[in-house]
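Numbering (mature numbering (1 follows the signal peptide of the UniProt record, and there is no 0)), first residue to last: -23 to -1, 1 to 390.
The structure appears right after this line, and notes come after that.
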Amino acid sequence: MPPCVLRLLFALLLLSLLPLLQAGDLPTMDSTSMGNCISAKKLCLDDFTCKVHFLHLETCFPFMASAPQKPENQEGCLEAAQQLQNSSLGSCRCQWRMKNQGICLAIYWTIHSTYGLGNYDLGGSPYKEIVISKPRKFNHLDLLESGSMSQSSPDLCMKSTTLCTLNDRCNKLRLAYGEVCSVARCQPLRCQQELRVFFEQVADNYAQALLFCPCEDGDDVCGARRRNNIAPSCASPAKDPPNCLMLWDTCLQDLLCRSRLADFQMYCCRMDPVGTCVGIQPQRCLKAYMGLIGTVMTPNYISNLSADVALSCSCQGSGNQLEECMRIQESFSKNPCLTKAIKAQMQVHHQLLSKSSPTAISQDSFQSLWDHSYSVHISQGNSLAGRLHPWVLTISLGSLTLVLLLLPVLGHL
């Protein structure tokens, strides 16, 4: 066989194998578990040095969760945390709605437990990036039919509630928290728990339709319905609001609250010196906002007649920590990024709900409209597993087969 033919066949063989060779570096774990802290911990415990640092840091966690720190403990813990930044644990994250989320978050905060100690910044979100496509205008209103309710009642929050009622899952979850959050059967801790379950498990479109439904100016009934969606009289029953610093400290002691607060900081509180919301995605900000509902840091509308939101806390008695307290309070009440995101979503719902009756909206139509507005999914990272399309493998294997079939034929040339 001529040397030029051999070189050509060898080149074709390498080209056909290239995608497969690149894919060979992928871990054997499935894509949903890649990079999560539970898997990262297993890898760490298989390495002696990593294991020593991690086990030492685990003993630090009770101290790291609250200040003041004992200097001798803090120095050793900071050293162990620094060493682990270069391990499999350094970049691990958790996923929204993942199984064993609590275990994953505990591992994450063991590694990042120094954040929040005497510092407002919690250092970033423990959750994997959620990719949100660019929002589109609603241009499918022809799917919805006009109904009698659209003309007899301008209360769009009632329509949002009806939409939830028409959806089996949304209705079931809403009834569950309504039962333990009612005035007659109020159980504050269970109420908060069921609120978290609702916003964890219901589809985001229904949750946002309830939380961010628009009301006409002065419509107290509509505003009350919107404000009472998170049952404030039971979930946050205190007549005298607690100090925001106390609320902050309580939140940091709870892994879920701490995680949701860090997520909120990451995606709703990044502003440049002139107050511009740099890189803030409104839908991602709203996702982080909803994640706080059911924790001690649950925000809500300040009144039935306002679309402004705030924490249920005050800064009275803050002493020399007044500035820190005001920063916590104003991260909700004077947050332009959050305000813009809420107003934008209310405009979307006004477009969707003001032209139709809820009984005329089929579930498929509502979901279709929502899908054309935006989509949310968990990013699987930049690994080749998420990028290697089936057709690439098909072409590669086909080329390889062709080369192997041609070898005997060309060998006789």
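Yeah, the Cβ is synthetic: ideal placement off N, Cα and C, and Gly gets one too.
Who are the near neighbours of residue i in its chain, counting only those whose CB is closer than 7 Å to its CB and skipping five residues on each side?
i           : result
R146        : V179
residue 395 : Any question about residue 395 goes unanswered here, given that the chain covers just -23 to 390.
M267        : F176, A184 and L188
L150        : V174, F175, Q178 and V179
How would you call residue i, buried or exposed, if buried means at least 16 neighbouring beta carbons within 10 angstroms?
i    : result
F25  : exposed
A161 : exposed
S68  : exposed
T142 : exposed
N63  : exposed
N297 : exposed
L166 : exposed
E171 : buried
S210 : exposed
Q59  : exposed
I188 : Sequence inspection shows Leu at residue 188; the Ile mentioned does not correspond to that position. Label assigned to L188: buried.
L140 : buried
S280 : exposed
L22  : exposed
L152 : exposed
K19  : exposed
L263 : buried
Rounded to whole angstroms, what's the CA-CA distance from residue i to residue j? Just pull it up for me.
i    : j    : result
I80  : G294 : 36 Å
E106 : C71  : 9 Å
I270 : E35  : 29 Å
N77  : C54  : 26 Å
R261 : I207 : 20 Å
A287 : G195 : 20 Å
W86  : P131 : 46 Å
Q258 : S331 : 25 Å
Q164 : E156 : 9 Å
P103 : F175 : 21 Å
M274 : I15  : 27 Å
K136 : A201 : 14 Å
V325 : L224 : 33 Å
L66  : A83  : 12 Å
Q237 : I305 : Note that residue 237 is Arg in the sequence shown, not Gln. Between R237 and I305, the C-alpha separation is close to 14 Å.
F31  : C234 : 23 Å
C199 : M323 : 13 Å
Y144 : Y154 : Checking the sequence shown, residue 144 turns out to be Asn, not Tyr. Each residue's alpha carbon lies about 16 Å from the other.
L133 : S283 : 15 Å
Q51  : V29  : 17 Å
E300 : Y92  : 19 Å
K216 : T138 : 28 Å
G256 : L61  : 29 Å
C158 : E307 : 28 Å
Report all residues from its chain with a CB closer than 6 Å to the CB of residue i; omit the five preceding and five following residues, and keep chain order.
i    : result
A265 : D240, F241, Y244 and C245
H33  : A57
H327 : P191
S289 : S213 and P218
Y278 : R204 and V286
E193 : P131
P302 : It should be noted that the sequence gives Cys, not Pro, for residue 302. Cβ neighbours of C302 beyond the five flanking positions: C221, L222, C292 and S295.
Q169 : A212 and G271
K311 : none
By the three-class DSSP mapping on this structure, what secondary structure does residue i have?
i    : result
S308 : helix
S280 : coil
V286 : strand
N206 : helix
N182 : helix
R247 : coil
S291 : strand
R235 : helix
I107 : strand
N297 : helix
N96  : coil
R162 : coil
C211 : helix
R70  : strand
N13  : strand
T144 : Checking the displayed sequence, the identity of residue 144 turns out to be Asn instead of Thr. Looking at N144 - three-state DSSP - the assignment turns out to be coil, as it is neither helix nor strand.
C254 : strand
Should residue i be flagged as near chain C, meaning a C-beta pair shorter than 9 Å?
i    : result
L232 : Protein chains in the displayed structure number just one, and chain C is not present.
For residue i, which residues in the same chain have their Cβ closer than 8 Å to its Cβ, ignoring the five residues on either side in sequence?
i    : result
N13  : C69, R70, C71, Q72, M75, C81 and K105
N148 : C141 and T142
F309 : P276, V286, A287, L288 and L315
Touch check for the stretch 225 to 239 and the stretch 99 to 109: three-plus C-beta pairs under 8 Å?
yes
Would you check if the stretch 318 to 331 and the stretch 289 to 306 touch, i.e. whether three or more CB-CB distances between them fall below 8 Å?
no
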